[in-house]
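Mapping of the sequence shown onto numbering that gives the first Met the number 0: position 347 corresponds to residue 346, and the numbering continues sequentially without gaps.
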Amino acid sequence: MVKKIIFAFLLFPLFLFSQTFTNSVVEPAGSWNASLTKTITVSGLPILQNGVFELNQVNLHLGDDANTRNYSSYRIVLQKGALVIELVATNGLPNSIIRQIDTKFRYNNVLKRLFEHGGTTQPFHIGYYRSQDDFSAFNGIDPNGDWTITITESSVSSGGKFNKIDLVFGVPLSINSQISTTTYDSCSSPLCVSSNEITIATNDGFTPQVSDMFNGNTTGCSWNAAQNNSSWFRFTATQSSAKITISGISGNIQILGISPGSDNNICTPADNVVITGGCPDDVLNDSYFSPQYLNGSTRNNQLNLSGLVTGQEYYFIVDGTGGAISPFYIEIEGANQSCNCFVDTPVVNTTPASCSSNSISTIFNYDALLNYTFSPLGPTIGVGGVISNMNTGVNYTLIASNGSCSSTSSASFSYFDQLLVQPEPTINSVAASCSSAGSSTISNYDPSNTYVFTPAGPIVGAAGV
0 MVKKIIFAFL LFPLFLFSQT FTNSVVEPAG SWNASLTKTI TVSGLPILQN GVFELNQVNL
60 HLGDDANTRN YSSYRIVLQK GALVIELVAT NGLPNSIIRQ IDTKFRYNNV LKRLFEHGGT
120 TQPFHIGYYR SQDDFSAFNG IDPNGDWTIT ITESSVSSGG KFNKIDLVFG VPLSINSQIS
180 TTTYDSCSSP LCVSSNEITI ATNDGFTPQV SDMFNGNTTG CSWNAAQNNS SWFRFTATQS
240 SAKITISGIS GNIQILGISP GSDNNICTPA DNVVITGGCP DDVLNDSYFS PQYLNGSTRN
300 NQLNLSGLVT GQEYYFIVDG TGGAISPFYI EIEGANQSCN CFVDTPVVNT TPASCSSNSI
360 STIFNYDALL NYTFSPLGPT IGVGGVISNM NTGVNYTLIA SNGSCSSTSS ASFSYFDQLL
420 VQPEPTINSV AASCSSAGSS TISNYDPSNT YVFTPAGPIV GAAGV
């Protein structure tokens with residue numbers, strides 16, 4: 000059994016601190032029958048507590064393209080000690096021939112179970128699906144030690160390929176439920192989504208509006224040009240790319256990622272532009288084995304956006320085709336953590352140490368009105384953003400804050416002392432004689448140094464000869 004432990008401060012900070020434990024020992028298709036149990040060993044975690052530290056997510060990858068199966072008779076349970084929950088109940092997988100199941104399970108009533116989306120959604124890799132039972136059943140236990148996942152099947156064929164199981168523990172997911180409001184019914188009042196929480200929203204009760212639709216810039220996005228019940232969302236980019244997943248869809252929903260154009264006004268559609276990756280039918284977005292998006296989709300959707308400008312606001316729409324309504328579970332990566340303020344990520348430029356000076360690190364975009372926090376603690380910032388009091392060879396990162404929100408972490412940087420000036424080589428020469436050639440030796444020779452001759456030609460051998 001191979002155990003891989005990942006300690007991750009994620010770019011998407013929903014898990015402000017998360018740890019993932021993995022069993023990736025492959026069991027080939029046909030190597031097991033009736034039942035397969037895999038062990039995941041967990042260590043170094045605190046007691047699981049509701050609202051403090053929990054099992055947040057289970058990732059499971061079964062199957063391969065060469066050995067298809069009907070997995071409908073499979074039941075998958077997760078166990079720690081005497082506690083057992085169903086990850087997938089019997090008949091909880093689609094009743095159809097499946098190549099792969101590569102799924103991220105969470106527990107939220109808005110999310111769909113695998114069988115509710117059917118076999119055409121394979122490999123079930125976009126967004127999130129609901130486990131049969133709630134992971135909160137494990138709250139209160141010591142998570143350290145062995146967990147097991149057991150897959151049972153009663154089909155006439157042997158078991159499918161097992162690829163990997165991940166258990167993801169961390170600070171509980173923050174949920175911003177807006178499902179009972181309609182305030183984001185218009186382009187003039189979009190709901191802000193941020194990367195530090197899940198947004199649960201809907202388009203139920205929303206009204207058709209002329210401003211919901213756009214000009215010819217949307218051509219090619221498989222948008223049906225109807226004026227239906229759109230819900231509006233906005234986010235502030237923190238990098239050049241962002242990823243939006245929309246899970247739990249129950250109606251035929253259309254999505255579209257847009258920029259407000261040259262006038263920076265999303266409610267004036269003439270110059271609005273679809274963001275690169277903002278069309279849900281793009282190959283990178285509709286990446287199911289069989290395309291699922293055509294003038295809308297009832298499956299989990301995603302937008303992989305690129306070409307964004309850090310600090311700029313962008314928008315996306317979720318619209319019901321023909322008036323369809325649905326809840327949706329929205330997660331975004333690459334967006335600001337706060338909807339009401341933005342702080343640039345510190346950019347630290349470092350001049351390397353030389354023979355005449357120590358290395359010098361300076362915050363290129365230093366703002367004296369911001370507060371800066373180093374990790375690890377210790378360094379200080381002087382006039383013009385010059386950093387001092389660093390320890391030699393330590394990798395530091397830096398976060399800026401304005402008191403309301405914080406930036407993402409800077410790239411790491413280090414300090415090194417001035418390089419040692421090497422002593423001048425001392426040459427001892429022995430003159431040529433009638434019986435031997437002359438020779439020269441570097442009496443203070445150091446094999447760790449590199450010696451350069453002028454003019455070029457001579458070489459230095461053992462002991463500096």
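The C-beta atom is built at its ideal place from N, Cα and C for all residues, glycine as well.
For residue i, which residues from the same chain have a beta carbon less than 6 Å from its beta carbon, with the 5 sequence-adjacent residues on both sides left out?
{"i": "Cys186", "result": "Ser210, Trp231, Ile265 and Cys266"}
{"i": "Ser239", "result": "Leu307"}
{"i": "Gly463", "result": "Thr440, Ile441 and Tyr444"}
{"i": "Glu312", "result": "Arg233 and Thr235"}
{"i": "Val385", "result": "Thr361"}
{"i": "Leu15", "result": "With a pLDDT of only 43 at Leu15, under 50, the local geometry of the prediction cannot be trusted, and the value read off the model is given with reservation. Val170, listed in sequence order."}
{"i": "Ala430", "result": "Gly437"}
{"i": "Leu10", "result": "Since pLDDT at Leu10 reaches only 36, below the 50 mark, its modelled position is unreliable, and the value read off the structure follows with that caveat. So no residue of the chain qualifies."}
{"i": "Ile84", "result": "Leu77, Asp132 and Ala136"}
{"i": "Asp280", "result": "Ser221 and Tyr292"}
{"i": "Tyr127", "result": "Lys103, Arg105, Leu110 and Ser246"}
{"i": "Thr89", "result": "Arg74"}
Would residue i pass as a contact of residue j if the rule is Cβ separation under 8 Å?
{"i": "Ser400", "j": "Asn364", "result": "no"}
{"i": "Phe52", "j": "Val170", "result": "yes"}
{"i": "Pro142", "j": "Val41", "result": "yes"}
{"i": "Trp31", "j": "Ser156", "result": "no"}
{"i": "Ser72", "j": "Asn202", "result": "no"}
{"i": "Ile125", "j": "Ile75", "result": "no"}
{"i": "Tyr328", "j": "Ile197", "result": "yes"}
{"i": "Thr349", "j": "Ser409", "result": "no"}
{"i": "Thr180", "j": "Gly250", "result": "no"}
{"i": "Thr220", "j": "Val273", "result": "Checking the sequence shown, residue 220 turns out to be Cys, not Thr. Cβ atoms of Cys220 and Val273: closer than 8 Å."}
{"i": "Asn138", "j": "Gln48", "result": "yes"}
{"i": "Ile148", "j": "Lys37", "result": "yes"}
{"i": "Ser358", "j": "Tyr414", "result": "yes"}
{"i": "Phe104", "j": "Leu59", "result": "yes"}
{"i": "Ser406", "j": "Val346", "result": "no"}
Express the C-alpha separation of residue j and residue i in angstroms, rounding to a whole number.
{"i": "Asn427", "j": "Gly377", "result": "49 Å"}
{"i": "Ser411", "j": "Asn294", "result": "45 Å"}
{"i": "Ser153", "j": "Ile257", "result": "48 Å"}
{"i": "Thr449", "j": "Gly456", "result": "14 Å"}
{"i": "Gln56", "j": "Thr396", "result": "28 Å"}
{"i": "Gly322", "j": "Cys278", "result": "20 Å"}
{"i": "Ser353", "j": "Thr391", "result": "14 Å"}
{"i": "Phe207", "j": "Asn300", "result": "Note on identity: in this sequence residue 207 is Pro, with Phe being the wrong assignment. So the alpha carbons of these two residues sit roughly 22 Å apart."}
{"i": "Asn388", "j": "Ile380", "result": "9 Å"}
{"i": "Phe452", "j": "Pro446", "result": "15 Å"}
{"i": "Val109", "j": "Gly247", "result": "5 Å"}
{"i": "Asp184", "j": "Asp318", "result": "10 Å"}
{"i": "Gly333", "j": "Leu283", "result": "17 Å"}
{"i": "Ser17", "j": "Pro424", "result": "55 Å"}
{"i": "Ser176", "j": "Leu35", "result": "38 Å"}
{"i": "Leu86", "j": "Phe205", "result": "35 Å"}
{"i": "Thr27", "j": "Trp146", "result": "The sequence shown places Pro at residue 27, rather than the Thr named in the question. Their backbone Cα atoms lie some 21 Å apart in a straight line."}
{"i": "Leu61", "j": "Ile316", "result": "34 Å"}
{"i": "Cys404", "j": "Ile398", "result": "10 Å"}
{"i": "Ile174", "j": "Gly144", "result": "29 Å"}
{"i": "Asp416", "j": "Gly383", "result": "21 Å"}
{"i": "Arg129", "j": "His116", "result": "11 Å"}
{"i": "Gly516", "j": "Val192", "result": "An answer regarding residue 516 cannot be provided, because it is not within the stretch 0 to 464 covered by the chain."}
{"i": "Ala367", "j": "Pro93", "result": "58 Å"}
{"i": "Cys433", "j": "Val420", "result": "40 Å"}
{"i": "Ala200", "j": "Ala65", "result": "39 Å"}
{"i": "Ser261", "j": "Ala241", "result": "21 Å"}
So residue i packs on residue j, CB below 8 Å; how close in whole Å?
{"i": "Ile96", "j": "Asn69", "result": "6 Å"}
{"i": "Thr120", "j": "Tyr287", "result": "6 Å"}
{"i": "Ile243", "j": "Ile331", "result": "5 Å"}
{"i": "Lys160", "j": "Asp63", "result": "5 Å"}
{"i": "Leu54", "j": "Phe123", "result": "That pair is no contact at about 20 Å."}
Would you please verify whether the beta carbon of residue i is less than 8 Å from any beta carbon of chain C?
{"i": "Phe363", "result": "Checking the listed chains, one finds no chain C in this structure; it contains a single protein chain."}
Could you name the residues of the same chain whose beta carbon sits closer than 7 Å to that of residue i, not counting the 5 residues immediately before and after it, in chain order?
{"i": "Pro422", "result": "Asn443"}
{"i": "Ala461", "result": "none"}
{"i": "Gly91", "result": "Arg112, Leu113, Phe114 and Gln131"}
{"i": "Leu418", "result": "Ala352, Ser353 and Cys354"}
{"i": "Pro454", "result": "none"}
{"i": "Gly215", "result": "The pLDDT assigned to Gly215 is 48, lower than 50, so where the model puts this residue is not dependable; a value taken from the coordinates is nonetheless given after this. The answer is none, since no qualifying residue turns up."}
{"i": "Ser356", "result": "Gln417"}
Identify, in the order they occur along the chain, each residue of the same chain with its Cβ nearer than 8 Å to the Cβ of residue i, setting aside the five sequence neighbours on each side.
{"i": "Thr182", "result": "Ser188 and Leu190"}
{"i": "Thr275", "result": "Leu304, Ser305 and Gly306"}
{"i": "Ile46", "result": "Phe52, Gly139, Ile140, Asp141 and Pro142"}
Completely contained beta strand (DSSP E) runs for the region 171–202, where each covers 3 or more residues: Within the region 171–202, complete beta strand (DSSP E) segments of at least 3 residues are found at 174–176 and 197–201, given in chain order.
3 or more residues per run - each beta strand (DSSP E) lying fully within the region 358–404: For the region 358–404, whole beta strand (DSSP E) runs of length 3 or above, ordered along the chain, are 359–362, 370–374, 385–387 and 396–400.
Length-filtered (3 minimum) beta strand (DSSP E) runs lying within the region 66–97: 74–79 and 82–87, all fully within the region 66–97.
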